[in-house]
Ligand SMILES: [Zn+2]
């Protein structure tokens with residue numbers, strides 16, 4: 001039985017290629033809570049053309065990272081909306097100590113789930129990603145192939161491997177994860193809300209393990 005009575009303030013951690021985004025979507029479906037990620041918030045702000053959206057857009061276009069203070073403010077405003085009162089699934093945040101401290105001031109997480117996979121698996125999974133050069137739809141040579149090889153199902157354009165999905169770039173991001181994000185996990189372990197999950201195997205197998213964090 002899944003306990004549905006208490007708020008589920010969930011945060012997912014995991015390296016690139018761990019399937020974290022997919023598991024986050026499943027948790028969102030299971031508990032009926034919003035999926036909160038800085039990436040989604042940025043995209044929405046840019047699409048709305050708000051003052052903040054314009055600011056974020058120019059930062060991203062210049063190739064820089066969005067400063068922590070901007071990200072913290074955006075996430076805070078999102079978590080304070082009414083739909084987050086009964087819980088949320090946080091994904092892609094916090095990424096470093098500064099963000100973790102800011103989050104503590106806004107909310108108290110009830111479940112922190114770390115999806116662990118070895119670096120080599122992360123690299124091999126992401127290297128198989130393909131992205132539509134036109135509409136941005138993503139595919140995976142093994143787990144989500146397009147119907148016709150190299151062609152987008154949705155718009156018929158060519159599928160390409162993004163520079164970000166090449167092994168060198170993945171290694172770089174894994175290093176940042178190990179150096180900046182992984183050390184944060186300790187603070188949640190100390191609070192007794194941490195669950196470590198083996199991220200190897202199929203999406204369904206990992207989902208079973210994720211759900212087991214909520215059986216008590
Ligand atoms: Zn397409």
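In UniProt numbering, the protein residues as written are 1 to 216. We treat Cβ as the ideally placed atom computed from N, Cα and C, and that holds for glycine. No experiment lies behind these values; they were computed from the predicted model shown.
Can you grab the Cα-Cα spacing for the pair residue i / residue j, in whole Å?
{"i": "residue 205", "j": "residue 10", "result": "20 Å"}
{"i": "residue 84", "j": "residue 78", "result": "8 Å"}
{"i": "residue 118", "j": "residue 99", "result": "25 Å"}
{"i": "residue 21", "j": "residue 88", "result": "14 Å"}
{"i": "residue 7", "j": "residue 67", "result": "30 Å"}
{"i": "residue 116", "j": "residue 177", "result": "12 Å"}
{"i": "residue 82", "j": "residue 34", "result": "10 Å"}
{"i": "residue 134", "j": "residue 153", "result": "12 Å"}
{"i": "residue 27", "j": "residue 156", "result": "32 Å"}
{"i": "residue 76", "j": "residue 149", "result": "42 Å"}
{"i": "residue 132", "j": "residue 147", "result": "13 Å"}
{"i": "residue 196", "j": "residue 185", "result": "10 Å"}
{"i": "residue 124", "j": "residue 163", "result": "15 Å"}
{"i": "residue 80", "j": "residue 104", "result": "13 Å"}
{"i": "residue 198", "j": "residue 182", "result": "15 Å"}
{"i": "residue 52", "j": "residue 93", "result": "18 Å"}
{"i": "residue 191", "j": "residue 50", "result": "37 Å"}
{"i": "residue 111", "j": "residue 96", "result": "18 Å"}
{"i": "residue 72", "j": "residue 102", "result": "6 Å"}
{"i": "residue 144", "j": "residue 43", "result": "24 Å"}
{"i": "residue 59", "j": "residue 215", "result": "42 Å"}
{"i": "residue 141", "j": "residue 161", "result": "11 Å"}
{"i": "residue 130", "j": "residue 170", "result": "14 Å"}
{"i": "residue 32", "j": "residue 203", "result": "20 Å"}
Taking DSSP as the reference, what is the three-state secondary structure of residue i?
{"i": "residue 120", "result": "helix"}
{"i": "residue 86", "result": "coil"}
{"i": "residue 42", "result": "helix"}
{"i": "residue 153", "result": "coil"}
{"i": "residue 13", "result": "strand"}
{"i": "residue 93", "result": "coil"}
{"i": "residue 55", "result": "helix"}
{"i": "residue 180", "result": "helix"}
{"i": "residue 103", "result": "helix"}
{"i": "residue 30", "result": "helix"}
{"i": "residue 158", "result": "strand"}
{"i": "residue 196", "result": "strand"}
{"i": "residue 114", "result": "strand"}
{"i": "residue 22", "result": "helix"}
I believe residue i touches residue j by the beta-carbon criterion, under 8 Å. Please report the beta-carbon distance rounded to the nearest angstrom.
{"i": "residue 12", "j": "residue 113", "result": "5 Å"}
{"i": "residue 209", "j": "residue 16", "result": "Incorrect: roughly 19 Å between the Cβ atoms, too far for contact."}
{"i": "residue 159", "j": "residue 139", "result": "6 Å"}
{"i": "residue 122", "j": "residue 18", "result": "7 Å"}
{"i": "residue 90", "j": "residue 193", "result": "That belief does not hold up - the Cβ atoms of residue 90 and residue 193 are roughly 13 Å apart, past 8 Å."}
{"i": "residue 167", "j": "residue 127", "result": "6 Å"}
Using a C-beta cutoff of 7 Å, does residue i count as contacting chain B?
{"i": "residue 197", "result": "You won't find chain B in this structure, because it holds only one protein chain."}
Going by the C-beta, is residue i closer than 6 Å to any heavy atom of ligand 2?
{"i": "residue 70", "result": "For ligand 2, the structure offers nothing, since it holds only ligand 1."}
Check: Whose beta carbon lies closer than 6 Å to any heavy atom of ligand 1, going through the chain in order?
Finding: 132, 134, 135, 137, 152, 154, 155, 157
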